[in-house]
Structure formats: C-alpha cells, structure tokens
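Protein chains in written order, with the working numbering: chain D, 2 to 783; chain L, 2 to 783. Note that beta-carbon positions come from the ideal geometry of N, C-alpha and C, so glycine has one too. Working notes for the structure below.
Protein chains: 2
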Amino acid sequence: MSGYQVDPWLLRWNELSVAELRRTESTFALSNGHIGMRGTLDEGEPRGLPGTYLNGFYEEHALPYGEGGYGYPEAGQTVVNVTDGKVIRLLVEDEPLDMRYGRALSHSRELDFRSGTLRRRTEWESPTGRRVLVASERLVSFTQRAVAAIRYEVTPLDDKLQLVAQSDLLANEPMEHETGDPRVAAALNAPLVAEYWAADGARAVLAHQTRNSGLRVAAGMDHEVEVNDGLRSSVEAKGDLARFTVAADVPAGETLRLTKYLGYGWSAQRSFPALRAQVEAALAGARQTGFTGLLDEQRRFLDDFWAAADVEVDGDPELQQAVRFALFHLLQAGARGETRAIAGKGLTGPGYDGHAFWDTEVFVLPVLTYTVPDAARDALRWRHSTVDKARERAAVLGQKGAAFPWRSINGAECSAYWPAGTAAFHVSGDIASAVTQYVFATGDEDFLAEHGTELLVETARLWSSLGHHDQHGGFRIDGVTGPDEYSAVVDNNVYTNLIAQRNLRAAADASERHPREAGALGVTDTEIAAWREAAARMRIPFDPLLGVHEQNEGFTRHAEWDFERTDPDAYPLLLNRPYFDLYRKQVVKQADLVLAMHVRGDAFTPEQKAANFAYYEARTVRDSSLSAGTQGVLAAEVGLLELAYDYLAEAAFTDLHDLHDNVHNGLHMASLAGAWTGIVSGFGGMRDHGGRLAFAPRLPPGLTGLSFRLTFRGTRFVVRVAPGEATYEIVAGGAFDTSHHGEEFTVEPGSPVTLSIPDPPTPPEVAQPKHRAPRHRVPPGD
Amino acid sequence: MSGYQVDPWLLRWNELSVAELRRTESTFALSNGHIGMRGTLDEGEPRGLPGTYLNGFYEEHALPYGEGGYGYPEAGQTVVNVTDGKVIRLLVEDEPLDMRYGRALSHSRELDFRSGTLRRRTEWESPTGRRVLVASERLVSFTQRAVAAIRYEVTPLDDKLQLVAQSDLLANEPMEHETGDPRVAAALNAPLVAEYWAADGARAVLAHQTRNSGLRVAAGMDHEVEVNDGLRSSVEAKGDLARFTVAADVPAGETLRLTKYLGYGWSAQRSFPALRAQVEAALAGARQTGFTGLLDEQRRFLDDFWAAADVEVDGDPELQQAVRFALFHLLQAGARGETRAIAGKGLTGPGYDGHAFWDTEVFVLPVLTYTVPDAARDALRWRHSTVDKARERAAVLGQKGAAFPWRSINGAECSAYWPAGTAAFHVSGDIASAVTQYVFATGDEDFLAEHGTELLVETARLWSSLGHHDQHGGFRIDGVTGPDEYSAVVDNNVYTNLIAQRNLRAAADASERHPREAGALGVTDTEIAAWREAAARMRIPFDPLLGVHEQNEGFTRHAEWDFERTDPDAYPLLLNRPYFDLYRKQVVKQADLVLAMHVRGDAFTPEQKAANFAYYEARTVRDSSLSAGTQGVLAAEVGLLELAYDYLAEAAFTDLHDLHDNVHNGLHMASLAGAWTGIVSGFGGMRDHGGRLAFAPRLPPGLTGLSFRLTFRGTRFVVRVAPGEATYEIVAGGAFDTSHHGEEFTVEPGSPVTLSIPDPPTPPEVAQPKHRAPRHRVPPGD
C-alpha cells in the first residue's frame, strides 16, 4: 500500500513517483515547531504543494455567511506559505535538472529520525546524456530555532561539466487553494507584499508584510561554496525573489558543494530593519556553528529525545517504523513552538487552514507531557497567552470565564459553523484537563501558580455559567456539542460533563493550593464551594432499559442509522449526507462516550465500560482521524486485544497509508499521537486518574514484545512488556510509585521490577457498522 | 403614534413627511397578487425605496458559506424591482415638481379600501411662486390581472402655465440593498439586461432578462391625454427607459389629464415578441375598458369582497380601520396570485427577499379560506406545482415523500442556515393542515382529488421517514425545529408532532376517499395503516412535575432566561445574543406550544391550556411578528379577555405603528392575518377541529360589539357579538351546522339565531417577561 521502505529508524522512498509527491512532501516535512518546511524537491519542481510555514504567521479574510448571526466570528485566519528558502535549481551545461525529463538512474529520499534530516540522492542523466549525482541533506534546527540549512552536492559522473546552481528565496509562489470561497482564495493569492530587500556577498534578505493581518516576515539566506576549480558567483534581491548564483566547471568525480543557511523571523510589532537584523543574527550564528555543527547538535537533541521517548515494537517492523515516525513528527510539531499553538497538522501542510483544535490538548499533549514535558508546558502557555481573547469570547456568548476557540491560529475564534464550533465548549475543559495532567506528571507547581490556576479558574467559571441546577435535580450542561461531530447542540453530553466535572474540581484544588493567585482572580470560598457542588451533582445520563450510558440525553432513543443500506462510498458520511440527518440518529463519527471512558475512566465501572464499548462500537463509523486510537485503548481495556491492535495500526498508518486521502494537506498530529496512546495507554494500560499513575500492560497476539519510555516527575523509566510479564525499570532519576493491574508498588533506581500479567477479562461481543470494521492486521511475525 | 388619520374605510396621511415615505410606501402599496407597486409618489422622488414586483419574478445568486455542508442550497433567490411604470414627472414652466422644493400648500394621500385605489392630492407652489393642483388615482386591477392604471391631473391655479408631463417606464432604478454579502448586492445591482424595446404613438414596451435566473419580463404603457388646448406629445424607448412626453399650455382652472395604462408580463419560457404581444393585449383590453371602467370593476370586486369578509369593531375606530386595512392587504396579496406563492410581505416590499414561508399556510390561508376561498385554493395549487422540487429536496435529505422549502420564490429551498430553515420540517405539515382546512371549509373534493391528496400523501411520507418507533415506546420525530426560532434541532416538538399527526390521519382519510388518486401515488393499505399507527403512537412530551407540556423534549429542564437582567434594548434577542444561548434556555421567540393549542386545540384539555398558557406566557418574548395574534387567541380561550385585546391590537397595529421598525421592507402578512384571527378565532372562538365548525364568542371589555363575516361551503354568514349574546345569520346560501360554546345548532336562511354567552372561565394568573408585556390598549369608548 505505501511505497515506503520499512526501516526502524528511517522513512525512505525510492523512485520519483510524481503523483505521490504531494503526499511525501507531508511525510518528509521538517519542522522544529517554529519553522516548517514541506519535503519538496530541492529544485522546486515537480512538486505537489510547496509550503514553508512559520508558527503563528497567518493572513486574515472575511468569513462569509448566507445568514449571519450575533456573535459569529467575522474574520478567518489561514496559514500562509511564506518565503520559500528550500529552492536550489541546477543547470547542467544549460539543461535544467528537472526529474520529469532525462532519466533518473536512481533516486531516493529518506527522513532520518535520529539525525533529524531529510536526505536525497539522485543519479540523473540529462536528455542529452550527461550524468550527475546530486546529494542533499536538509534540516530545520531543533537547537537554533530560527535556522534551517541545506547541504547540496553535485558530482559529474562522466565528463567535466559546467554546473550552475541558483539558490533562491522566493515569495508568493503561485499555488492552488482548496476553498470554495473566492474571497478566501483571493486573500491567499500572493498574500505577501514585498517591503524590503537586501543582498550582499553570498547573503540576501527579503522582507514582506501580509495585506490584511499586517504581520511582517523576513527570510534570509547565506551560503558557503566549496569547489576545487574556478568559481563565479553573484547575488541579487528584489521584491519577491532573492537569488545566489554559482557557476563552476567541475571535473568528473569532483564535487560542487553548496551549503545554504536560512534564517526566518516574523513579528506583528517589530520593524523591517529589526527583523532583518534578527535573521542576519540567526544566519551568523548558524555559519559560526557550521553545517556539521548543526548536524551534531541535531543528533544530540534527538539522542536525548529517543532516550526519553522511544517505543519498541517487537514482531511488527512496519509498525515499529510508523510509531517512531509518529514520535518524530510529534516532536517536530511541538519542540520549539514556545508559546505558539500546535496546529492540527503541525507545520506540515495547509490543512485545516493551519488551525489548532482541541486535538492538541486531548491527543498530542499527553504524549508530550510524558516524553517532552517542556513542549507540553509551552503549548499550554500559548493557551494562557490567549486567555484575554477567550474571556472576550465568553462575554460575547453571554458566559462568564473564558471560552477558548474551536479553531484558531492567534487565539480568536475562526469557526464559521457554530453548532460544530463554538458549541463544542469541551475544548475549554480539554485545556483544563491537559493542565491537570501536565501538573500531575511533572509536579510543576510554578506553572500551576503562574499559568495553570488562571486557566483552571476561568474555564471552571465557564462551566458554572454554562450549566445550571435543574429543578428536577442535577447540574445540567445543555445545548453544547461533544466530540462526536455527528451529534450537535445536545444536552448533557457525558464526555463534556465529565470533563467539566474534572475541571471544576481541579479549579477548586488549584485555588486552595495557590490561594494568592486565586485571590488575585477574585476566587472566593463561596465560588469554590459552588464548583464542588456542581461537580458533585453533575448529570451523567444513563439508559436503564439498555443498560448503557447515553452519549447525550436522549441519544439512545434516537433512530438507528441504516448501515445496511449505506454503501461504502457514502463514507465519510458528512460529505454525502446532511448534518440534520446525522445529528438526529445514532451514528457516531468518532469516539465520544468511548473517549470519556478513556479520559475519565474513573467514572465508569468495568461492566459499564464493556457494555458501553459494545453499544457505541456498533454505531461508530470513524469518519474522523481522531477515533481509532481511542477505540483501541478501550478495546484493550475490555479485553479485545486483537481489535485493539487493528485500531492501533489504523491510527499509526493514517498518514503513511493516507487512509483519509488527505495527507497532501499535512499530517494528522492527533492520529500520530494515537499510535503512541494505543501502545502506552492501550497495551500498556497507562492511566493517571485521580493523582495516581497506573499500568495494566498486556501484549496483543502476534507481538513478541513491547517497550515504552516515559518521564514522570523528572524520572525517566521504561516499561517492557513480554508475554506473561512486564518489567518496570528506571533509566534516570529517583524512585516512583505506580501500580500494575491494580497492584501498587514502588520502582527504585537500579532495581527493575518484573510482574506477571493476569488473564484478560472476558470481552464483550462487538461488531462495527457494515463496511466500517477496521482492517485486520496480522503482524508479520504471527 | 401613527400619522394616519382614523377612518373606517380609508388609510389617509396628510403632509409630506419625507422620513416616513419608506414606511408609507409599504402601507400604501397596491397589488392584486400578481403585480405589486409600492406607494411611491407619482414623480418618483423623494422616495424611500422604489418597488414594482411581479409574483414569482426573481434573480438568483450564490449562497455563501464559511463552512459548507452536504445538501446546503447553493442558490438564493431574491425578488427583483422590475421596470417601474409608476413614474410621471411634471415640469411647471421648466421647474420640476419636487416636493422637497417650493411649498406644499396641502398634500394628502389615501388608500381607499372600497375603491381599491391610492389617491393623491397636492397643492404645490413652485420656488418661483407658481401654484398647481396635482391629483392622481392609481390602481392595480383585481379584474384585469396584468393591468395597472394611473389617472394624473394637473390644474394651474393662478395663471396659464406650460406643463410638461413625462411618463416613464424605467428599469434598473439605482437603489440600496440591505445585505451584508457583496455578491448578493452585485447580483441585485442592475439585475435586468435590456433585450427589446419599442415605441409608437402613446405606447411603449421595454423587455428585459435577468442575468442569472434567465427570466424575461416585458412592461408596456399606453396613454390617453385630455386637455382643452394645443398639445405636443412624443414617445421614445431605448434600453432601460421608455418615455411618453406631453407638453401643453394650460389656462388657470383648466386641467391636463393624463391616463396611463400599464401592462406587465413575465415568463421563463416565452420569447420577447410573445411577451410584447401579451402586454400589448393587456393594454388594449385596459383601454377598451377605460379608466372609469377599471374603477367600476375594481369597486364591484371589492363590494363583493367586503360582503363576504367584512369585520366590524364597535367601540375602537382605530382598530376598525386597522382590521379593514389588514383584510384589504391580505386580499391584495392573494387575490390573483394564481399558482404563485403568497410571500411573507406579499408584494409590498423586498423584505425576506420576497420569499414565502410557512406563515402563508398557518396564518394567511385560514383567513382566505373563510373569506376568499379561491385565493386559498390557488396558493395551495402553487405548493402543488412545486411538489417535484419538494420530492427532490426530501431525497437529498435522505427522506421519503416531499420536503417543502423553508423559504423560496420558485419552490427550491433558499435557506442558508439549516437549523432554522431546513430543520423546520413543520412547514410541510402546515401545508397539509391548510389543505385539510380548505377542503373542510369548502367541500372542494375536486381539489382534494387533483391536488390535495398528493400533497397529503407526500407530506405524510415525509413524517413516516422523519419519525421512528422508539424501542422505549412512542413514535418520535427527532432533530427538527418547531415554530419557536429560539429553540432549534430538538426532539419531539409538540407543535410539529401534532401537525404531523393530523397530516398522517388526513393522508389516510384522503387516500380512502380518493383511492384511484392514492393508488396512482402507490399508496397501499399497509402504508395507510402505518400512518394511522404512527399518528396513534405520536409522542407528546409532558412534564408531570410542572404539570405542563414540554415545548419539546427536555425544554422544561433547560435553564431559565435571566429576564431580570435583560435590558429593553437587548430585544429582539437574536440581534444581541448568540443562537447557542437562546437555543439552550427557556426563552421563546414566538408562540409554539401556544400555537399548537390553537391549531390543534383538540389535543389539549381546558386545564392543560390554562396551565400551558401561563407557563409559556412567562417565557415568550414576541421577537417575531408571528406571535401576538396567536397569543391573543389562546388568551381569549383561557378567559384573559383584556390580555387578548392587547395582543389583538399588537397584531393589528404591527405595520401601522411599525412595531418592528421594518415596515419599510414591506408589510407583515401574517400579522395582518393575526388581526383577523384575533377577532374571529380569539373573540369569536371559531375553531374547525375534527370536521366541525364551532364558535365560542365573547366580547372584550370596552367594545360594544363585534361582527365578522365568513364563507363556509358556499354559505356566507355573519356572526354578531354583543354584550351577553351572539347572533348567527345567513347572508347568502343554505343552512349549516355549528356550535356555540359547545351547544350544537343549525342556522337556516332567513332565521338568525341569537344565543346567550356564558360567563368566561376563571383565568390563570399570567405574567410576561420583564419589558415584554404587550402595550395595554384601552378602547377609546371604554
């Protein structure tokens, strides 16, 4: 299915496959969370979709409404393809290297998870028969946040050849936009206005400003050229193009080596001269480190990451590759964001307009919290930096506290369809949940005091005003939308209410732990008591006739979807059926009650989990990439280990197998996270409810072993799962308490603990909707 | 409050009041249901909003969506201001008569409900001191459907004066559009493309086509001029302008009389020559009848109407005027529509884009059914003519049968916000209800066979597929929107379910009465049995704790709206509060459960009506013009006669007092209907549930008498309500059975029946939301 070669530490693709470029540009994307570069070929063409992104840099456009409404967001935001610095064009004796012409004798690209680079090696024969070897290696530096670098080498293979390399900075690349609104397309067509340019020696800078959002960006490049023979070079810059040109006659077997350093900076405030200075400083630092130095730093950074975060899968090499691919891209999305958002696609493509959603807090941050906790903290600091916008939004909506946006780049709501946007208030509870989890996993009381308490208090206030004490009994939260986007504007969504319940209690706890900060926010004992009372009386609808929880009030009374008469090509249903009919029937787009049973597993008995899982499994169509990982976690918990493995594989291969046929727009960060979660929370049984870290590991059939590494309160440890037993071992740091299948124990440094694994529970009988069962995966070793 | 003079048979306005023109252009509009002309001044300016409309003539434009969805309508329709034939400009010795200049010594306009004309009389002194008397009378003919006519007379008062009159046909008048979407404004800016013109003698024709919808329109004019002295005249036509010019020297006291005949035709099919022939034939007919002949025909038509439909109110002259104003405009909206829609604003203005809504069937058609039944029949034939579009819409929505549009001109759905549009499926049941009522009131079995059965069967099929038998018991209709637009996408809306119940039973009855027609539609005994079963098991939610019906499932558990803290200027709430918060709270925009208690009063006990009325009265804010009339009907039924009178006045004065500050966009047909309903169904207690016509008259305090005339199965009769007794008398036709406060009796021709009125029931205690009580009306005679 995929054209990737299986390798535990690399993603490699041989051959050109022009039609696949738009996909591989996403999977081969490089990013440090601040700069993102799609994996386009060095020479710029052929290409799928070019893309260079800076976290937080967007253009604004009007949101259109056929019928408007009070409080509808007026402005949308869309990530901008900024000045492209990846392009290095080559002329071989005046024939441009274009892989669509001549002949590629060999061609491969590989993303190396340990070096953190994208390598390319092409043996090309020009239409007139001249052969050259082109090798390049590209990185976006984890250690020097504003820097990317490319080493580009050309070797004539048969004769001395004249080689001309043109290294560009190129703004406003023409490209197509997937939008039905001509005004949005217009806003994104050449969004950058050239304001400033400079060139000198081997260096050039271009600076631009967006038309509507008014953000300024500067991109700079500098070069080193190594060649034995005589060399001519020149540099120029004007408007949307800066170009450094080198020409040399290179004998056969000798190499023209061009090293390109790129520096990027953007600001809503700073002037163009200041931005130029910033990128030139970044370039100076990069040149001082040198390309080899950057490679070394990159590898050391990644060595440390893998020591803290690696996951090993014995018995399924392709899955092993996919899981490391996932972890690598999650790191790339979050490593150096530093109070910017982690978008749904990271910085790998323009999908979802570059917006961040609730996915980040619910799916991505748990991975980062237990592997790269500083990245999780920074992402939550971004949320905190937008709390004023969230307070304003809550006020517009007639609520107290803070209502965080459904989708945004800068923190302002950009969703043009409120039933599946604004109404999905759980995003605010998800943020609170991520705060609680981060503080639990790290013990970072400073963060809780400085940022976390305000986030928890303001979101708790949102729930207090959104909900009310019904005269029939119970605290209700009506008219909101839960995770399942095939139900909307419902009463008492179980997931939402349980997330709100945790939020209210966490705000009360934090306020008591940090009374000074809470006092500054005006929190009183009365308010704290009201939070606890609302949490205690939170309504959780349950259908006694069917013996299952209702996803929301009345859900189990709704009509069943006619899956028998729904053809395979009717999926995803939202593209082929009206919302109105989806909303009113028992058809579930993505884990919702099942997600509640993962995130708030403490609120359900094992029997309820089994019954609920079977009920919702039969009604969940997985038209969202956010579902498989969670279904896998619960499948494992109720004893369906083979099914859990199928879901793990679906999550892990979402992008590599392009299961949703949209990877060209960017990777699905939440699915990538789902691969980790499927292993760690699914087969590892890791849970952190109620202030305790717990495990319940079980190996699925076919695998011979599994291990995963976590960081908990400064201690790094590894859990190794083998048939029949699991071993807990500290890698660095002090002792910690945990539990294994309910049995509590302490792991001490230097003293691994091995415990046997009990038999799994008898699983419920389950079936998926027709045509929607996950693909069954048989590990090759089975 | 209003500037209108009170008169029982006229609406008169003295003085110019430029700022009021945009309002009086609506109230002074003339229409026959086919052609509509706003009451602009003859000379075209000053003006509020010019407007000449042809029923069914629209332009199309794309509907924009920030986030689209499957099945969203792509094209909107908007009524077009077609070629304006009202304009007659006057030059007095080269000074244009413009009432903003010079001096109006006197000025009045009056709409005469018996002559069916708009008269104008102006004594004007030019800036240089020349005085003329200008008198005009304008009609849109009820008897000659394609014809309008204007008599225009100018008399110099002091000196012989040169008068030049220019009589125009003018297309693409520049005007402002109330839309936030630049594409809609663009589509409506000069929407007509000139395709054909001709002029000869005193006659001219202009023909145009719309750019997008491709509809063709032709407008023609012909003239007669009477003047004693020498006369010069000329005619010309080109593009968007045709002009007939007369110039004469007129001595003081003598009169230049210009009679202008207008003919209109439009078609999606016919060629321009055919359309020209059609309007010229209309003009020839009009000239043959002559202006006086047209006046006579108009008066006879209206004499017959008032004999069938008049309502008399003794003791409140202003209300008397308002009620006749209402009836006159309802007649104008529906008289000659002839298988075209009756729009929400009739043909009085561009409000709601000229769309027809459910209002027509629920509020307007009951009036027409009992006064001008042929107009009701024709409006229902329009719905029938669109049944294929409704079937296609149902199919797109995944439903069986026919789903009629929420808003439309040509029968295709134009609503861009589905929760308050497509989801309001009750519109299909409302149409079925109007069919049932029309057939009951007229006994028109031919209509039932030819059109009614198909409407009833296809709408019953819609309910069958929209609803389902819940395993918990009951037939449920989930995820739909009822009349109250402050709740949306709810389960088991009582109004919707009761309308569906009636629909299902009516389809079953009609299929049994007309088995051949039902057979042709594929109706089987099994299907009929399923309809009856669904109707019998229809779920009607009731809250036993509070002892009231739930407007929809869960409604009474929702949070209360904080009326105490809602300022008066926060109304209408939809402009100042988000839908999400309105939807989730117990705040009601307009009668919903209360409307159910009127339309399906047979489904409630008197005790339930009193309890429900009090409960919903306290939560209903009347942000819709569709509410007051219905609240008045139920207030009267539960014994709150003063409150009923307040609501009747609110409905009746909605447009004359411009209570919603939007009468400039056109009159509210449903509110005008509410005036009639408030009297006939409110104080008359008229109901027609279950195949029986019933009355329960009661006079409100302050009135000395009330009477209303109805037509029932060919019999015209009058009900006169006096203090303590009511008299039933046949005006024409045979005997009929009815009941008076539950006592059944028969009225024979020539034998009026007088019956005493029992004491009213003890009313419940009620209160409205703060700031939202209706204005208390004390009849002047009280």
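{"Asked": "By the 10 Å Cβ neighbour count, where 16 or more other Cβ atoms means buried, how is Met2/D classified, buried or exposed?", "Found": "Unreliable placement is indicated for Met2/D, whose pLDDT of 41 sits below 50; no coordinate value is reported for it."}
{"Asked": "Mind checking if Gly4/D is an interface residue toward chain L, Cβ cutoff 9 angstroms exclusive?", "Found": "no"}
{"Asked": "If we require 3 or more residues per run, which beta strand (DSSP E) segments fall completely within the stretch 269-348 of chain D?", "Found": "312-315"}
{"Asked": "Would you say Val247/D and Leu263/D are within 9 angstroms of each other, going by their C-beta atoms?", "Found": "no"}
{"Asked": "When burial is assigned at 16 or more other CB atoms within 10 Å of the CB, is His665/D buried or exposed?", "Found": "buried"}
{"Asked": "Just to confirm my understanding: we take Lys590/D, look at its own chain, exclude 5 residues before and 5 after, and list those with CB closer than 6 angstroms. What are they?", "Found": "Asp485, Glu486, Tyr487, Asp624 and Ser625"}
{"Asked": "What residues of chain L sit near Leu576/D, judged by a beta carbon separation below 8 angstroms?", "Found": "Tyr71"}
{"Asked": "Could you confirm whether any beta carbon from chain L is found closer than 9 angstroms to the beta carbon of Gly523/D?", "Found": "no"}
{"Asked": "Would you give the residue range spanned by the alpha helix (DSSP H) that Ile498/L belongs to?", "Found": "Correcting the residue type first, residue 498/L is Asn in the shown sequence and not Ile. Its alpha helix (DSSP H) spans residues Val495 to Arg514."}
{"Asked": "Threshold first: 4 residues or longer. Then list the alpha helix (DSSP H) segments lying entirely within the stretch 56-113 of chain L, N to C.", "Found": "none"}
{"Asked": "Once the 5 residues before and after Ala150/L are set aside, which same chain residues still bring their CB inside 8 angstroms of it?", "Found": "Arg139, Leu140, Ser142, Thr260, Lys261, Tyr262, Leu263, Ala287, Phe292 and Leu295"}
{"Asked": "For Ser416/D, which residues from the same chain have a beta carbon less than 8 angstroms from its beta carbon, with the 5 sequence-adjacent residues on both sides left out?", "Found": "Pro74, Pro406, Trp407, Arg408, Gly422 and Thr423"}
{"Asked": "For chain D, find out if any of its Cβ atoms is closer than 9 angstroms to the Cβ of Gln400/L; answer yes or no.", "Found": "yes"}
{"Asked": "Given a cut-off of 9 angstroms on the beta-carbon distance, is the pair Glu618/L and Gln609/L in contact?", "Found": "no"}
{"Asked": "When you compare the CB positions of Ala195/L and Ala653/L, do they come within less than 9 angstroms of one another, or not?", "Found": "no"}
{"Asked": "Return the chain-ordered list of same chain residues with a C-beta closer than 6 angstroms to the C-beta of Glu319/D, the five sequence neighbours on each side being excluded.", "Found": "Val7"}
{"Asked": "Could you check which residue in Gly715/L, Phe696/L and Trp464/L has the C-alpha nearest to that of Ser708/L?", "Found": "Phe696/L"}
{"Asked": "Can you tell me the Cα-Cα spacing of Asn82/L and Gln210/D, whole angstroms?", "Found": "44 angstroms"}
{"Asked": "Check whether chain D comes within 9 angstroms of Val495/L, counting only Cβ atoms and requiring the distance to be less than that.", "Found": "no"}
{"Asked": "Between the C-alpha atoms of Glu561/L and Val588/L, what's the straight-line distance to the nearest angstrom?", "Found": "7 angstroms"}
{"Asked": "Identify which residue in Thr728/L, Ile343/L and Pro724/L has its Cα closest to the Cα of Gly706/L.", "Found": "Pro724/L"}
{"Asked": "Using a Cβ cut-off of 7 angstroms, pull out every chain D residue sitting near Ala417/L, in sequence order please.", "Found": "Gly67 and Glu68"}
{"Asked": "So, does the CB of Gly422/D fall closer than 9 angstroms to a CB anywhere in chain L?", "Found": "yes"}
{"Asked": "Measuring only between beta-carbons, confirm whether Glu174/D sits less than 9 angstroms from chain L.", "Found": "no"}
{"Asked": "Could you work out which residue in Ala380/L, Tyr371/L, Val373/L and Asp375/L is closest to Phe358/L when comparing CA atoms only?", "Found": "Ala380/L"}
{"Asked": "Pop quiz: Arg146/D and Arg337/D are said to be a contact at Cβ under 8 angstroms. What is the actual Cβ separation, rounded to whole angstroms?", "Found": "5 angstroms"}
{"Asked": "Flag this pair as yes or no: are the beta carbons of Gly399/D and Arg394/L separated by less than 9 angstroms?", "Found": "no"}
{"Asked": "Starting from the Cα of Ala597/L, find the closest Cα among His550/L, Gly555/L, Ala733/L and His559/L and give me that residue.", "Found": "His550/L"}
{"Asked": "Output the distance between the C-alpha atoms of Leu348/D and Gly69/L, rounded to the nearest integer angstrom.", "Found": "25 angstroms"}
{"Asked": "Am I right that Ser465/L and Trp532/L are in contact with their C-beta atoms under 8 angstroms? What's the rounded C-beta distance?", "Found": "7 angstroms"}
{"Asked": "Contact criterion: CB-CB distance below 9 angstroms. Does Pro775/D meet it with respect to chain L?", "Found": "no"}
{"Asked": "With burial defined as no fewer than 16 other Cβ atoms inside 10 Å of the residue's Cβ, what is the status of Asp526/L: buried or exposed?", "Found": "exposed"}
{"Asked": "For Arg538/D, which of Asp570/D, Ser27/D, Leu22/D and Arg503/D has the nearest alpha-carbon?", "Found": "Arg503/D"}
{"Asked": "According to DSSP, simplified to helix, strand and coil, what is Trp14/L?", "Found": "strand"}
{"Asked": "Buried or exposed for Pro274/D, please, with buried defined as at least 16 other CB atoms from any protein chain shown within 10 angstroms of its CB.", "Found": "exposed"}
{"Asked": "Ends of the alpha helix (DSSP H) at Ala653/D?", "Found": "Leu642 to Phe654"}
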